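Number of protein chains: 2
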Amino acid sequence: MNVNVNGRQLFFCSCFDISFVIPVLILFCSCHKLQESLLSSASGYSNYRGILNWCVVMLILSNARLFLENLIKYGILVDPIQVISLFLKDPYSWPALCLIIFSNVFIMAALYTERRLSVGTFGERLGTFLHLINLSTILCLPVATVLFVSSMTPVGAVFALAVYTILFLKLYSYKDVNRWCRDIRQARLAAVSRNMYYFIFAPTLCYELNFPRSPRIRKRFLLRRLFEMVFLMQLLVGLIQQWMVPTIQNSMKPFQDMDFSRMIERLLKLAVPNHLIWLIFFYWFFHSSMNFVAELMQFGDREFYRDWWNSETVTYFWANWNIPVHKWCLRHFYKPMLKRGVSKRVAQAAVFLVSAFFHEYLVSVPLKMFRLWAFMGMMVQVPLAWFVGQFLRGNYGNAAVWISLIIGQPIAVLMYVHDYYVLHVQGPSAG
Amino acid sequence: MNVNVNGRQLFFCSCFDISFVIPVLILFCSCHKLQESLLSSASGYSNYRGILNWCVVMLILSNARLFLENLIKYGILVDPIQVISLFLKDPYSWPALCLIIFSNVFIMAALYTERRLSVGTFGERLGTFLHLINLSTILCLPVATVLFVSSMTPVGAVFALAVYTILFLKLYSYKDVNRWCRDIRQARLAAVSRNMYYFIFAPTLCYELNFPRSPRIRKRFLLRRLFEMVFLMQLLVGLIQQWMVPTIQNSMKPFQDMDFSRMIERLLKLAVPNHLIWLIFFYWFFHSSMNFVAELMQFGDREFYRDWWNSETVTYFWANWNIPVHKWCLRHFYKPMLKRGVSKRVAQAAVFLVSAFFHEYLVSVPLKMFRLWAFMGMMVQVPLAWFVGQFLRGNYGNAAVWISLIIGQPIAVLMYVHDYYVLHVQGPSAG
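Chains S and P, in that order, are what the protein sequence lines are.
Residue numbering for the first sequence follows the numbering used here, starting at 4 and increasing by one per position.
Residue numbering for the second sequence follows the numbering used here, starting at 4 and increasing by one per position.
Spelled out as structure tokens, the structure:
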């Protein structure tokens, strides 16, 4: 006799009372039911929140191993005194600092020109001419200093050039905004000179007559940012000395021998510390330091970055990871170009071109080596942005942006280091 | 004159028309507004979905590097022929296969005993006695064979022991269920013998008179699972030969020298391939293979695992990663104990004890080495479960479960390999 219970065929002898047996049977014996496995698509299951924890645990453990391997192999390489020697070659000559102090001359020149323009002593054309001379001197003077002053170290040079680049962008913005304001003929603004040094120190590149101000200085916030600045600075120096430098040194041989599989291996090995350092640097500079300065100056606009970590296109990344520069490019370069009838695509490419120029400027000059790797690294973003925008969506796009960040940077770093090594270490001995 | 617009102080000379200037000013000059940085807690921002992609990209790139490093260092070590030699020492002697074929005798013995019991020829006590003899022989015979037949390889032995362990659990369940059914005096079920071999091959350890059946064999599903079985098997063998074996071999020296920091480094290095292999094995065995067999036999209950990857406690992990064993333990060991008045805590510890016994059984016997590492590995789960349950919640609990999985296994693996190495490789030459 067959009985069907819950989709099962039950076979019984016919000699007993079914009505009694079935519930007991189910109570004792039934421990299976018709169902799919969770990982089968038919199950409709999709809760993999544990996987994120798994990723984090695996990353931490893998990197803990790398850290330990590094310590075993090299011992402790961190040396804070060595950091000073990166800035100073000759303790009686401080060319980078002198250069930075000298930059006040250009600030004064811009201020003077604007004052004359605002009262009408200088005409618009003379004013523009003087500004352009001032701005081009800002770009050229440090280059000349770096190339001709022998006591300038590469790290000191990067620092001085960065300050001059920021100054260039700020004074360019200052000139533009003042001209826009004069264009409204009636408006003779006395504000021109009142906040020049506030603007120079404020964490923004875009001049405004009056910046939004935060109501008060939050002391706890300030101290937390200060602590982060000090701690992360140490961490950065430590990571570079302990992890980055030995990895780069070990990469030289495969790159000289053009041993392709080892080159890829070294590149991937370098990618991890490089990326970590870049992430820490990002937080240190754009969150801790800028917020610290802003809090101290009661500067209200703290949007120094947006959610670039969720970028699904390369363009979104570049428009959101460095808001001060992005804002400057938009306001003083991209929009003025559009107004002059340049197409969006060309204007975008031009922005990348200018950005590529400054990247190259900040790398080539201090290394005294003109190789265009940084320039090309930036310019390759244009076709990359097109490719990712065209073919990859959502999480795939996001992953592509991450890969380009993680892999792209160490390629450029290795290129420069390789060339530097060939020039300065191998070159003289081979000659 | 001061004017307040959007929280800004605007300073003007008093000589012009404010009503005209303000909108133009805002249009041209205002590009800042009062706002917090996203990473400041004050911003209330919490969308970090890009971070998951970052984790995945970092994991893939890190492991790609390890893979490449491994290939450069060792070349290709994968050798399918070598796999055969793991099962066979002497091509004319197949002890593991003979042992597995011989297991039919025990199935027959159990069936015979139950038939006699069902018709009343054997009394309950005699039946239980015969079953216990049968079951203990199932556990002891393969041990004796492995220890005394010299042509048995460790891998062959593991395989045979696993089959016998499964058989033991199945026949234990078979005996229990039949007794429960007989306990309902009126029910003389003819079903006893009809599905014995169906039960033996079905992917479950719990006997039922009638299993739920799926309506039809889905051919595409079957082929997909078959493809996964074949492909993942190859992948597992490849990973073990190429990644696991060299890493273990490299770990021997630090473990002999008791070089602690290198031991940790080796342990973490081994953890990655070991964990990956375990994950692939999990999918291969619990999803592909079991679903394949179930589809072929139209076995309806496909719940071979639950969402253990989201486990927030150790107990949840053990109750959900291996459902056939969990179901068996619950039905034939844990619940009967509770019925006899044993407390929950003791019953749970007893389940871990039995599980620890079988883990040790499956490892020690094939290696002919009684070290209790696997036993201790399982028993340590009891205090670990208590600790995690007591102190860690949510994602922290989940991370702790992952860490115990990722780190715990390679510790046990290294212990056994170390002892095996000392006994078989170093021992004779030192003696």
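Glycine is no exception: its CB is placed at the ideal position from the N, C-alpha and C atoms.
Treat the numbers as computed from the prediction; the structure is a model and nothing was measured.
- Item | Member of I75(P), E72(P), Y419(P) whose CA lies at the smallest distance from the CA of M255(P) | Taking only the C-alpha atoms, the option nearest M255(P) is Y419(P).
- Task: Could you have a look at A193(S) and say whether DSSP puts it in helix, strand or coil?
- Result: Note on A193(S): pLDDT 45, under 50, position unreliable in the model; the coordinate value appears next. Helix at A193(S).
- Message: Since L271(S) and R68(P) should fall inside the 8 angstroms C-beta cutoff, what is the C-beta to C-beta distance between them, to a whole number of angstroms?
- Response: Sure, about 4 angstroms apart at Cβ, within 8 angstroms.
- Task: Leaving aside the five residues before and after V345(S) along the sequence, list all residues of the same chain whose C-beta is less than 8 angstroms from its C-beta, in chain order.
- Result: Answer for V345(S): A353, listed in chain order.
- Query: Does the region 291-309 of chain S touch the region 212-232 of chain S, meaning 3 or more C-beta pairs lie closer than 8 angstroms?
  - Reply: The region 212-232 of chain S vs the region 291-309 of chain S: in contact.
- Query: Starting from G47(S) and walking both ways along the alpha helix (DSSP H), at which residues does that stretch end?
  - Reply: Run containing G47(S): none; DSSP gives neither H nor E here.
- Item | 7 angstroms Cβ cut-off: residues of chain P touching K36(S) | Those are P215, D304, listed as they occur along chain P.
- Query: If you drop the 5 nearest sequence neighbours on each side, which residues of the same chain put their C-beta closer than 8 angstroms to that of I110(P)?
  - Reply: Cβ neighbours of I110(P) beyond the five flanking positions: L170, L174, M199, Y200, I203.
- Alpha carbon of S65(S) to alpha carbon of V275(P), nearest angstrom: Cα-Cα distance, rounded: 8 angstroms.
- Task: Leaving out five residues on either side along the sequence, give the residues of the same chain with a beta carbon under 7 angstroms from the beta carbon of I103(P).
- Result: These residues qualify, in order along the chain: A163, V166.
- As assigned by DSSP and simplified to three states, the class of Q38(S): Q38(S) carries a strand assignment under DSSP once its states are collapsed to helix, strand and coil.
- Task: Give, in chain order, every residue of the region 88-122 of chain S whose Cβ lies closer than 7 angstroms to some Cβ of chain P.
- Result: Closer than 7 angstroms at the C-beta level to chain P, one finds no residue of the region 88-122 of chain S.
- Message: Would S407(P) and V317(P) be called neighbours here (beta carbons separated by less than 8 angstroms)?
- Response: A contact, by the Cβ cut-off of 8 angstroms.
- Task: Give a yes or no on whether 8 angstroms exceeds the smallest Cβ distance from Y51(P) to chain S.
- Result: Chain S contact via Cβ: present.
- What is the residue span of the alpha helix (DSSP H) that H278(P) lies within? Per DSSP, H278(P) belongs to the alpha helix (DSSP H) from 263-285.
- Among F360(P), D304(P), L71(P), P83(P), which has the Cα closest to the Cα of N213(P)? If we check each option's Cα against that of N213(P), D304(P) comes out closest.
- Item | Residue closest to I414(S), alpha-carbon to alpha-carbon, out of S264(S), R269(S), F285(S) | Answer by Cα proximity: R269(S).
- Item | Rounded distance between the beta-carbons of N398(P) and N56(S), thought under 8 angstroms | Contact holds; Cβ gap of about 6 angstroms.
- Item | Residue nearest to I283(P) in terms of C-alpha spacing, selected from R118(P), Q237(P), S314(P), R265(P) | Per the Cα distances, Q237(P).
- Task: Figure out for me which residue from A388(P), R309(P), Q259(P), C332(P) has the closest Cα to the Cα of L426(P).
- Result: Minimum Cα distance to L426(P) is reached at Q259(P).
- With a cut-off of 8 angstroms, do at least 3 Cβ pairs link the region 234-251 of chain S to the region 130-144 of chain S? With a cut-off of 8 angstroms, the region 130-144 of chain S and the region 234-251 of chain S do not count as touching, because too few Cβ pairs lie within range.
- Message: Could you check whether the Cβ of L2(P) sits closer than 8 angstroms to any Cβ belonging to chain S?
- Response: Given a span of 4 to 434 for chain P in the structure shown, any question on residue 2(P) remains unanswerable.
- Message: Closest to F288(S) by C-alpha separation, out of L89(S), S314(S), I410(S), Y308(S), would be which residue?
- Response: Comparing Cα-Cα distances from F288(S) to each of L89(S), S314(S), I410(S), Y308(S), the minimum goes to Y308(S).
- Query: T124(P): buried (16+ other C-beta within 10 angstroms of its C-beta) or exposed?
  - Reply: Exposed.
- Message: Tell me which residues share the same chain as P26(S) and place their Cβ nearer than 8 angstroms to its Cβ, disregarding the 5 neighbours each side in the sequence.
- Response: With a pLDDT of 48 at P26(S), under the threshold of 50, the predicted position of this residue should be treated as unreliable, though the coordinate-derived value follows. Within the same chain, no Cβ atom closer than 8 angstroms to the Cβ of P26(S) is found once the five residues on either side in sequence are excluded.
- Got a sec? Which residues, its chain only, sit under 7 angstroms from A160(S) by beta carbon, not counting five neighbours each side? Cβ neighbours of A160(S) beyond the five flanking positions: A99, V149, V368, P369.
- Three-state secondary structure (DSSP) of M155(S): M155(S) sits in a strand when the DSSP states are folded into three classes.
- Item | Alpha-carbon spacing of L356(P) relative to C332(P), whole angstroms | The alpha-carbon atoms of L356(P) and C332(P) are separated by roughly 11 angstroms.
- Got a sec? Which residues, its chain only, sit under 8 angstroms from H362(S) by beta carbon, not counting five neighbours each side? Result list for H362(S): A377, F378, G380, M381, in chain order.
- Message: Buried or exposed, going by whether 16 or more other CB atoms sit within 10 Å of the CB of G126(P)?
- Response: G126(P) comes out exposed.
- Item | Min CB distance S33(S) to chain P below 8 angstroms | For S33(S), at least one C-beta of chain P is nearer than 8 angstroms to its own C-beta.
- Message: In whole angstroms, give me the CA-to-CA distance for S22(S) and G130(P).
- Response: Interpretation of S22(S) is limited by its pLDDT of 48, a score under 50 that renders its predicted location unreliable; the figure taken from the coordinates is listed afterwards. Their Cα atoms are separated by approximately 29 angstroms.
- Item | Interface partners of V366(S) on chain P, CB under 7 angstroms | Against chain P, the beta carbon of V366(S) has no neighbour under 7 angstroms; the closest one sits roughly 24 angstroms away.
- As assigned by DSSP and simplified to three states, the class of R348(S): Residue state, collapsed to three classes: helix.
- Message: For a test of the three-state rule: what should DSSP assign to R185(S), helix, strand or coil?
- Response: Reduced to three states, the DSSP call for R185(S) is helix.
- Task: Measure the beta-carbon distance from H335(P) to D93(P) and round it to whole angstroms, keeping in mind my assumption that it falls under 8 angstroms.
- Result: With a Cβ gap of about 39 angstroms, H335(P) and D93(P) do not count as contacting.
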